[in-house]
Structures are given as C-alpha cells and as structure tokens.
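Engineer: One structure is given below, represented as structure tokens, and several questions about it will come after.
Number of protein chains: 4
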Amino acid sequence: MKDKVRVGIYGGSGYGGAELLRILLFHPNVEIVFVTANEQAGKAIGEVHRNLNGLIDLSFVKDAEDLSGIDCVFLALPHGQAMEIVPRLPAQMKAIDLSGDFRLRDQSVFEKHYKQPHTAMNAQADFVYGLTETNREAIRNARLISNPGCFATATLLGLAPLVANGLINGRVVVDAKTGSSGSGAKAAANTHHPQRMTSFYAYKPFTHQHVPEIEQELAHVGDWTNELVFMTHSLPVARGIFASIYAEAKSDLS
Amino acid sequence: MKDKVRVGIYGGSGYGGAELLRILLFHPNVEIVFVTANEQAGKAIGEVHRNLNGLIDLSFVKDAEDLSGIDCVFLALPHGQAMEIVPRLPAQMKAIDLSGDFRLRDQSVFEKHYKQPHTAMNAQADFVYGLTETNREAIRNARLISNPGCFATATLLGLAPLVANGLINGRVVVDAKTGSSGSGAKAAANTHHPQRMTSFYAYKPFTHQHVPEIEQELAHVGDWTNELVFMTHSLPVARGIFASIYAEAKSDLS
Amino acid sequence: MKDKVRVGIYGGSGYGGAELLRILLFHPNVEIVFVTANEQAGKAIGEVHRNLNGLIDLSFVKDAEDLSGIDCVFLALPHGQAMEIVPRLPAQMKAIDLSGDFRLRDQSVFEKHYKQPHTAMNAQADFVYGLTETNREAIRNARLISNPGCFATATLLGLAPLVANGLINGRVVVDAKTGSSGSGAKAAANTHHPQRMTSFYAYKPFTHQHVPEIEQELAHVGDWTNELVFMTHSLPVARGIFASIYAEAKSDLS
Amino acid sequence: MKDKVRVGIYGGSGYGGAELLRILLFHPNVEIVFVTANEQAGKAIGEVHRNLNGLIDLSFVKDAEDLSGIDCVFLALPHGQAMEIVPRLPAQMKAIDLSGDFRLRDQSVFEKHYKQPHTAMNAQADFVYGLTETNREAIRNARLISNPGCFATATLLGLAPLVANGLINGRVVVDAKTGSSGSGAKAAANTHHPQRMTSFYAYKPFTHQHVPEIEQELAHVGDWTNELVFMTHSLPVARGIFASIYAEAKSDLS
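Residue numbers (the numbering used here), protein chains in the order written: chain A, -1 to 252; chain B, -1 to 252; chain C, -1 to 252; chain D, -1 to 252.
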C-alpha cells in the first residue's frame, strides 16, 4: 500500500499558496508537513485563508526547521527567493517552483526582465518547464519543476499546438487580459477597489516578463521564428486570464 | 439674439436616448419639443430616466403629431425604424440618426450585415457620416447625419489618423471590448447580472456589423486596402469601449 | 451493499436545478434518471449548464414518462407548478420541493402572499419543513419535504436558536440583502447588468412572501409572539444572502 | 460686482479633496489659490486626479507659504491634522473642515472614539456643524464649519426630520452600508479588489465613530433620549451610503 507523499510549502500565505493548499488538502495521497510564511508566521492557516478553515490544523512557520522525511517541496514565494532556497535542498528532494526564478534558460534574459541578478543558474539547468500539455513525460521524471507564468500558460495553451504542428505563419498578436488576483494578495494601487471595479486598461506594453518564457517554450515545441506581439490588460474580475490570439494559418483550417 | 433650436426625438427611452436627452437638456440653445417612445409612451420622462427627474416636464408620446416649427429631429430607434421615418420628414428638416440605418453606402453590404432589406437608399445618399474628427466640415453643412456605431467610433478614432497620413502597412488587428450598456436598455441573456458580472468573452467573431462601416470610412480618409481583423468581446463594466489596435508602422514613429 | 437512490428532477434548467444537479452528480449514492425542463427540453444538460459539461449525459425532457423505479423526485419549478405534480405522484414516492408551494400551513396566508389559489392543501399537511437545523428528525423520516425559502433560511439560522431557547424580547428587525441569482436564471429588468452592477436598493418593503414562513417556523421551534420587521434589499453580487438581525436579549449574553 | 472668493485647500490628493476640487472648479465665484498634499507634493493636480486633467494648472504644494489674500480654506486631511492647522489660521479667515476633528463638542467623547488627544478644543467651540438641512442659518454666518461624517450625513438626513418633529418613539435601528471609496484613496486590505468585489460584510459593530456625532445632532434638533443601534457594513460598490432606518412612529404616518 502506497504511503502518502510528504510535502512542505515555502510561501503559503499568498494567492498561489492558498490554491496550492486547497488542491493538496483534497488530494488523497498527500500529507502537508509544514507551510512557511513571512508576515503571517505564527497564525493558523485557516485564519489567514478562511476558505480552508477547519480543513487544516497547521500554523504558518517562519522557516522549515527539518527537511528529513519530506518528499517534495513547493515554492510559492515572491520572485527572487526560490533561488536562495533551491540550491540548499537535499540532493534527492523534489521541488516545484511557482515563481519566475527558474523558468528562463538564459541568464541575461532573466536578469533583463526580472531586474535582478540570478544566483543559481546551475540549478536552473536541472529544471523542467512544468506545462503538462507540452512536457508531460519530462515532468513525470523531473526532480525540479518550474511552473509556467499565468500569461504564459494562457498563451501557450493556445499557440503551442499550432506551432508544434507548423500550422502558422508570420506575426502573432496576443491580446491578454488578467483578473486582479494576478497581482497577488497584497493591497496595491492597481488593485484598489474604487478604481479597479469599473476599469479596464493596458499596462507594460510589449515588455511583460512572460514574453521570453513564451518564446522559449514555442521554440521548444516547434519551429518558432515568428514575431510575437504581446499586450497585457487589466480586467475588473478577480480570477482568470483571457488571451485573444491572432495568427495567420499556413493553409485553411477547419 | 439667436432663438433656441427646436428639437424632436424619436425613440427616447433607450440608453442612447437617455444620454441624448441629458446632453440636450444642459445645452443653452436647445428646446426639446417632443420625445417618442414605444413601450414607455404616456410615462413621464423623468420617471423612466431617473437621472433626469426634475429636469424635464415632458412625457413620452407614441408619435410626433405635428412637425411644424421643429428645426431638427434625432432618431434613436432600433435598427430598421429610422428608414421608415426619414423619407417622410419635411424637406428642409435636419435629422441626426443614431442607428445603423444610414451609415453604409452600399445597399448589399447593409442588407448582408443587418439582415433586412433597406427601403430608403435614396435618402441614404444625402447622409453625412457623423464622426466629427474625420468629417467636421461636411457635418457642419449637412441636412442629414448618420452617427457612427460604438465600435466604429472607438476604432476610427485610433486608426483614421494613421490611415489618413499613410503611416501603416499590412494587416490591422483590432481587439475591441464593450461594456454591457452597449446591448441596450432591454434585459437579455447576455446582460443577465449573475452571469455577466464576472464574465469576459468573445462574440460575433470577425463578423460584427461595424466592420464594413469602419472600412468604408478608412477608405474615405485615406488609402485603405489593408486587411482588417476585428474581434469583439464583452466586458463586465457598464460603459465604454476599449479597442487595442495592432498595426505595423511604415517607418519608425515617436 | 446499498443500491443507489434513483432520482428524478422536475425543473432542472434554473439556478436551483443547476445547483441541485451539481450536488447530486457528486453524491456517491445517487443516480439521476430524468430531468425535465420547459423551454430547454431536448437540449443536453451540459450545454445549458456549462459547469456540468462532461459530468452528465442526459438531455432535458419535457415530462417524466415513467416513474417506476424512481425512489425520489426533486421539484425545482416556478411557484405554483409543484402543487400540480405532487398529488399525482405514486403513494410511496419521496418528494422534495424547492418552491414555495408547500411551505405554508395556512391556505389563506399562502393565497395572500403568492396571489394564486392553492389546489393541493391535502398534500401540504404531509409536508415537513426542510430546515435541517430545526427539523432534523422529522426530515429523516419524511416522505414529503418542503425546502425553505432563501431569505427564510438566512433568517431562521440566526433567529431560531434564540427563539428556541427563549433568549429574546420584543421587536426583531431583519435587514436582509440578496445577490442577483436569487431572482432566477431568466433575464429581467431588476437583474439587467448595466443597472444592477453598481446598485443597492430596498424592495418589497415589509411584505416579502418569506415573512409568514419565518414566523410559522419560529412559532414551531419556540414561543414566538414578537413583532418581525423584515426588509429586503438587492446587492450587486451574484450569490448569497446577508441578513443583519437586531433583537433585544432578555439578559446579558456572552 | 463681486470678486471671486479666494480659496486654499489643505489636503487635496484624497477622494474628499478630489470631489471638493471638482465642485470648486465649476463654481463661477471661486478661485483656487493653493492645494497642499503630502506624498503627492510637486505633482500636477491633473496628473493625480485624471478627471481634472486640463481643468486646473496648479501643482500640489507641501504647505501653504502665504495666507494673505485667502478668504477661505478647506481642510480635507486625515483625522488629527486639522487641529494642528486651525488654531494658526488668521483670525478672520473662514475654514471648512471635512475631517472628524471638530465635529464632537465633548472632548472625552472625541478622544474615546478617535483614540487620540484633542489639542484644539478652544477652537472647537466656534465650529458650526455643517449639515445644511439642520443648520442652514448658522452655517450662513459661521467662520468655522465642521462638515458631517459620511454615515452621519446619511443617517441624519433620514432621522433628523422625524426627531425634530417629535414623531418617533423608542429604539432606532440603523443598518448602514458604504461603498469602498469611503475608506479613502490609499490601497488597504479591506479595499483589495479580488476580495472586495464580491463581498458584503459587517464591521465595527455598534462602535463606529459617527455614532456620537449622530446622537449629538439629533439632540440638537429635537428631544432625543432614544436608543440608537447603529451597524456598519461594506458594499462592493465604489460610491455612496445606503442607510435603512427602522423606527416606531408615535402615531400613524402617511
């Protein structure tokens, strides 16, 4: 009989951590051993994530004291923090990172888009890009997995099959729109309710940090030398991304 | 001293009529003489449009009984009704139509997109397309004015200056998003609050009836032989249209 | 080993029916045999309720042809229709009604609030009021169950324990607010998105049809001779009811 | 011919300041001379308040350097700051305060509800409570005016006429709901869009700082010895307060 997978979570107080906890709590083969958080350390998880109240008895801890017996860790930390933790993990421990730290294979591209030095490119080389639809077999056997960004996921789910099958030509325009939870759980000017609730606007024109991630993975699945025009907008809903993708088919498609 | 312009409104109970009434009521040189409505005939205007309560004493009437002394009529009726009224107007009366009836110069294009026969193409020939930014002088002297559609306005304000100055090449992609009031004042499935409030979706892909109107006017202001890819989406806000327009500049622009 | 309960649903195309289907589809001991609908008859259930797509293969039928082998029916019909069906059900069949038809024990009170004659008061006498928190044992053994109204549920969950334990005195004020899905799945003026999305307003002051239902059940659980002031409001959210209940404690409560 | 009133504004970068500016900019007899702001000092007003772009040329200043020639100042500062400024104003200068600093006549009540010492109670004695509907004549002649709080305004507009005319008896219940802009222009957890957009909840039960202000003014207009039960809720809209007020009439009212 199969034992449960023993899991630790670094950074469980944000929206990514909240969804991860919800999914793992309902998974029949997972046991959550610890969950770290910075500002919320010491508080019961069910108090911070009210939808999990009664489903979990743990409190957030400041740091994991002991990793022995842990099979897998998830990292749901702000960009730049996973690269501090991953190199220190035990050699056989599986890790799944939800941040942008290990998605990009080219250090200079990372540093240009994330505006900080990368201190763990050695570890990056061992990461598999965690988009199941394009990388299922590699993910199955990976020790280190880097989960795709939100806009990258939406765009790749649409474009990757077309590129993988060589169906399109020329410039591709992606007009992407995100809900407000994409900005995270911390209150900020761009998610202030009186102004967001009836607003729609474009931001970071053509320079979003998910662009190189999308192009890297399109080149991974097929022959990608096309131009990608990528525009991000803010929607007055809480969840979800909607990407309208405009591409020219090489020949008629049904 | 200038007398007031005496105005009649056909179809004042919808959202277009409501905004028109609000603007005219605050205009120092306009007197509103009559306002027609179908279902709301007999009701006080301030009762139907609560924001106008106390600003106007008139009630909606079923039809205009007497047009003598009227300088100008506005038509804010559902598509297909203005073409019944315009040919019967006195020869010198000015008319401004807010519907789609008189925007398109090609009868077959109209009939294809509006899915009904056009019965007043003779009158259409006298209409000026009422987009001030592209047609200011013609509008100033026109007897008959056909106001642009909502998506057409948003798109033309962005594209017309580029086309008029010959600045762009190739395919243009317009990703347009509309608020729910664009569907009118009548409750309908696509504006049912429980489903619209957190939704975003595409509709009428590439076939919106404003497409031929946009192309007609782009050809009017400049040399337009480009391809127009036009996509409409529904936003969960009440007002406004946001159009993201993607075009290739012939040369570098600041 | 226990067989599955075989269930039929009358009126599965509305919001009540949609939630009922979702719950029953994930219930390990239920088999759904038929689902009726009026306007949607003939359509696949997963096409009408997109969240159920892939979970159920049935299509809506106009009427149940054969009730043999059915253990229990649910009725999620507009008010006034369950009273036509219940008297014709086989004598041992269990039925759970979600409408207002069988909640009120006094025919004249029903007819005053629902503004229609009641044609099945004989059957009404056999119904148990289906609020588990106040009626658990009776529900367990009932053949016929009448589910509480939305406002009644919210109010009784707050007030019933206080009344059952004789803790309050004097007039009770209930200020209740409902989301827009409470008006049902049909588009209507009061759920038209452009007007509902930023609105909050009171309606049906002091006369909502759930008032007699609340008072009937308070008298059922305890000694209720107090005055109930009940006010309904519309909230610009899709789901849920929030009831603020003001009552005077007989003595200090913690 | 009357010269324009020359006005200075302390604290013009918040929502109160924005509305004040909008109203004064359209007033034919007002000239705005300076507008202070803390964090936004140095920025053009039209850049911070985009709806005022093009209507005003001033930039926010850190502090007013010279008050000579100023007829009247408005103070739209966070609570606790007006009491620092008002005592230093020239003796004849009119001042209108939008904060809670000068509304309450009893120092101990102020200090209990605002949780800070009051350092200018001498000046408080000269303030008139600025609710026009109850204090019109006193406001007309006042040098110092303290504008009512948001919840206090909504509640007093409903209750004051009943109390002034001695029409009600007994306990009054006020169930008040506010839009999110009531929390101000600074992003905060309670106005974070992903959580606020579909939420409704009660807060500060029975202890809101507007309660003593309401009771003080009810006692000012009439004979008020009744009990006030006052409950505040948060609505997922941006603007406005809706107060449902429950009171018992002494005799039948139409």
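Ideal placement from N, C-alpha and C gives every residue a C-beta, glycine not left out.
Taking 6 Å as the limit between beta carbons, can you name the residues of its chain near Y244 of chain C, skipping five residues before and five after?
Structural biologist: As a working mapping, residue 244 of chain C is identified with position 246 in the third sequence. Here the set comprises V171.
Engineer: Pick from B:V71, B:L56, B:R101 and B:N49: whose alpha carbon is nearest that of A89 of chain B?
Structural biologist: Reading the second sequence from its first residue, position 91 is the one you call residue 89 of chain B. Out of B:V71, B:L56, B:R101 and B:N49, B:V71 has the C-alpha closest to the C-alpha of A89 of chain B.
Engineer: For L73 of chain A versus A42 of chain A, is the C-beta spacing smaller than 8 Å?
Structural biologist: Walking along the first sequence from the start, residue 73 of chain A turns up at place 75. Walking along the first sequence from the start, residue 42 of chain A turns up at place 44. Not closer than 8 Å, so no.
Engineer: Mark F204 of chain A as exposed unless 16 or more other C-beta atoms lie within 10 angstroms of its C-beta, in which case mark it buried.
Structural biologist: As a first step, residue 204 of chain A is located in the first sequence; it is residue number 206 there, counting from the start. Counting Cβ neighbours within 10 Å, F204 of chain A comes out exposed, since fewer than 16 surround it.
Engineer: With 8 Å set as the bound, which would you pick, yes or no: does the beta-carbon of S249 of chain D sit closer than that to a beta-carbon of chain C?
Structural biologist: Position 251 of the fourth sequence, counted from the start, is the residue given in the question as residue 249 of chain D. No, S249 of chain D does not count as interfacial toward chain C.
Engineer: State the Cα-Cα distance for the pair E17 of chain C and I68 of chain C, rounded to the nearest angstrom.
Structural biologist: Counting from 1 along the third sequence, the entry for residue 17 of chain C is found at position 19. Counting from 1 along the third sequence, the entry for residue 68 of chain C is found at position 70. Roughly 21 Å between the two C-alpha positions.
Engineer: Using a Cβ-Cβ distance under 8 Å, would M195 of chain A count as near chain D?
Structural biologist: In the first sequence, residue 195 of chain A corresponds to position 197, counting from 1. It does: the Cβ of M195 of chain A has a partner Cβ on chain D nearer than 8 Å.
Engineer: V227 of chain A touches chain B at which residues, Cβ-Cβ below 7 Å?
Structural biologist: As a first step, residue 227 of chain A must be located in the first sequence, where it is residue number 229. Within 7 Å Cβ-Cβ: Y244.
Engineer: Per the DSSP calculation, F72 of chain D is bridged to which residue(s)?
Structural biologist: Taking the fourth sequence and counting its residues from 1, one reaches residue 72 of chain D at position 74. Beta-bridge pairing links F72 of chain D to D:I7 and D:I94.
Engineer: At a CB-CB cut-off below 9 Å, which residues of chain D make contact with P76 of chain A?
Structural biologist: Here residue 76 of chain A corresponds to residue number 78 of the first sequence, with the count starting at 1. Result: empty, since nearest Cβ-Cβ is about 17 Å, beyond 9 Å.
Engineer: In the structure shown, what three-state DSSP assignment does G14 of chain D receive?
Structural biologist: For the purposes of this step, residue 14 of chain D is identified with residue 16 of the fourth sequence, where counting begins at 1. Helix at G14 of chain D.
Engineer: Interface residues of chain D around H231 of chain A at Cβ under 9 Å?
Structural biologist: Within the first sequence, numbered from 1, the residue matching residue 231 of chain A stands at position 233. Result: empty, since nearest Cβ-Cβ is about 15 Å, beyond 9 Å.
Engineer: Counting only C-beta atoms, is G240 of chain C closer than 8 Å to chain D at any point?
Structural biologist: Start at 1 with the first residue of the third sequence, and residue 240 of chain C comes out as number 242. A quick correction: the sequence has Phe, not Gly, at residue 240 of chain C. Answer yes: the Cβ-Cβ gap between F240 of chain C and chain D drops below 8 Å somewhere.
Engineer: Just tell me which of C:G6, C:E213, C:R20 and C:A118 has its CA closest to the CA of G52 of chain C.
Structural biologist: Along the third sequence, one-based indexing puts residue 52 of chain C at 54. It is C:R20 whose Cα lies nearest to the Cα of G52 of chain C.
Engineer: Provide the residue span of the beta strand (DSSP E) that contains I166 of chain B, from first to last.
Structural biologist: Against the second sequence, residue 166 of chain B aligns to sequence position 168. Taken as a continuous stretch (DSSP letters only), the beta strand (DSSP E) holding I166 of chain B covers I166 to T176.
Engineer: Chain A partners of P234 of chain B, CB-CB under 7 Å?
Structural biologist: Translated into the one-based positions of the second sequence, residue 234 of chain B becomes position 236. Under the 7 Å cutoff, chain A gives P234 and V235.
Engineer: Should the region 184 to 193 of chain D be regarded as contacting the region 183 to 195 of chain C, the criterion being three or more beta carbon pairs within less than 8 Å?
Structural biologist: In short, these stretches do not touch, since the Cβ pair count stays below three.
Engineer: By a C-beta neighbour count over all protein chains shown, 10 Å radius and 16 as the cutoff for buried, is P234 of chain D buried or exposed?
Structural biologist: Here residue 234 of chain D refers to the residue found at position 236 of the fourth sequence. So P234 of chain D counts as buried.
Engineer: Mind checking the region 197 to 210 of chain D against chain C and listing, in chain order, the residues whose C-beta falls within less than 9 Å of any C-beta there?
Structural biologist: Residues S197, F198, Y199 and A200.
Engineer: Tell me whether V235 of chain C sits in a helix, a strand or coil according to DSSP, three-state version.
Structural biologist: The residue you call residue 235 of chain C lines up with position 237 of the third sequence. It is coil, neither helix nor strand.
Engineer: Cβ closer than 7 Å: which chain C residues qualify as neighbours of D173 of chain D?
Structural biologist: Walking along the fourth sequence from the start, residue 173 of chain D turns up at place 175. By Cβ distance, chain C contributes D173 and S242.
Engineer: Keeping to the same chain, check which residues put their C-beta closer than 7 Å to that of G220 of chain D; ignore five residues upstream and five downstream.
Structural biologist: Your numbering for residue 220 of chain D matches position 222 in the fourth sequence. Only V161, A162 and G164 meet the Cβ criterion.
Engineer: I'd like the span of the alpha helix (DSSP H) that includes I212 of chain C, first residue to last.
Structural biologist: Reading the third sequence from its first residue, position 214 is the one you call residue 212 of chain C. It spans H208 to V219 - the alpha helix (DSSP H) in which I212 of chain C sits, taken as one unbroken run.
Engineer: To which residues does DSSP link S57 of chain B through a beta bridge?
Structural biologist: By one-based count along the second sequence, residue 57 of chain B stands at place 59. The partner list for S57 of chain B (beta bridge, DSSP) reads B:A42.
Engineer: From this set, B:N224, B:F198 and B:E135, which residue's C-alpha is nearest P210 of chain B's C-alpha?
Structural biologist: On the second sequence, position 212 is the one that residue 210 of chain B refers to. It is B:N224 whose Cα lies nearest to the Cα of P210 of chain B.
Engineer: Alpha carbon to alpha carbon, how far is M119 of chain C from G78 of chain C?
Structural biologist: Your numbering for residue 119 of chain C matches position 121 in the third sequence. Your numbering for residue 78 of chain C matches position 80 in the third sequence. If I take the Cα positions, the gap works out to 12 Å.
Engineer: Using a C-beta cutoff of 8 Å, does S11 of chain D count as contacting chain A?
Structural biologist: Position 13 of the fourth sequence, counted from the start, is the residue given in the question as residue 11 of chain D. So no, S11 of chain D is outside the interface.
Engineer: Going by DSSP, what residue range makes up the alpha helix (DSSP H) through F149 of chain D?
Structural biologist: One-based indexing of the fourth sequence puts residue 149 of chain D at position 151. Per DSSP, F149 of chain D belongs to the alpha helix (DSSP H) from C148 to A162.
Engineer: Name the DSSP beta bridge partners of V28 of chain B, please?
Structural biologist: Numbered from 1 along the second sequence, position 30 holds the residue referred to as residue 28 of chain B. Note: V28 of chain B sits in a beta bridge opposite B:V3.
Engineer: Please confirm whether S252 of chain C has its beta-carbon closer than 8 Å to some beta-carbon of chain D.
Structural biologist: As a position in the third sequence, residue 252 of chain C is number 254, starting the count at 1. Not one chain D Cβ lies under 8 Å of S252 of chain C.
Engineer: Could you tell me whether the region 30 to 48 of chain A touches the region 1 to 16 of chain A, using the rule of 3 or more Cβ pairs below 8 Å?
Structural biologist: At 8 Å Cβ cutoff, the stretches touch.
Engineer: What does the alpha-carbon distance come out to for the pair N139 of chain D and I239 of chain D?
Structural biologist: In the fourth sequence, counting from the first residue as 1, residue 139 of chain D sits at position 141. In the fourth sequence, counting from the first residue as 1, residue 239 of chain D sits at position 241. Cα-Cα distance, rounded: 29 Å.
Engineer: For E246 of chain B, which residues does DSSP report across the bridge?
Structural biologist: Here residue 246 of chain B refers to the residue found at position 248 of the second sequence. According to DSSP, E246 of chain B bridges with B:N167.
Engineer: Any Cβ of chain B within less than 8 Å of the Cβ of H191 of chain C?
Structural biologist: By one-based count along the third sequence, residue 191 of chain C stands at place 193. By this cut-off, H191 of chain C is an interface position.
Engineer: Please report whether the beta-carbon of A152 of chain D lies at a distance below 8 Å from any beta-carbon of chain A.
Structural biologist: Looking up residue 152 of chain D in the fourth sequence gives position 154. No - not a single Cβ of chain A is within 8 Å of the one on A152 of chain D.
Engineer: What residues of chain B sit near A186 of chain C, judged by a beta carbon separation below 7 Å?
Structural biologist: By one-based count along the third sequence, residue 186 of chain C stands at place 188. Ordered by position in chain B, the residues that pass the 7 Å Cβ test against A186 of chain C are A185.
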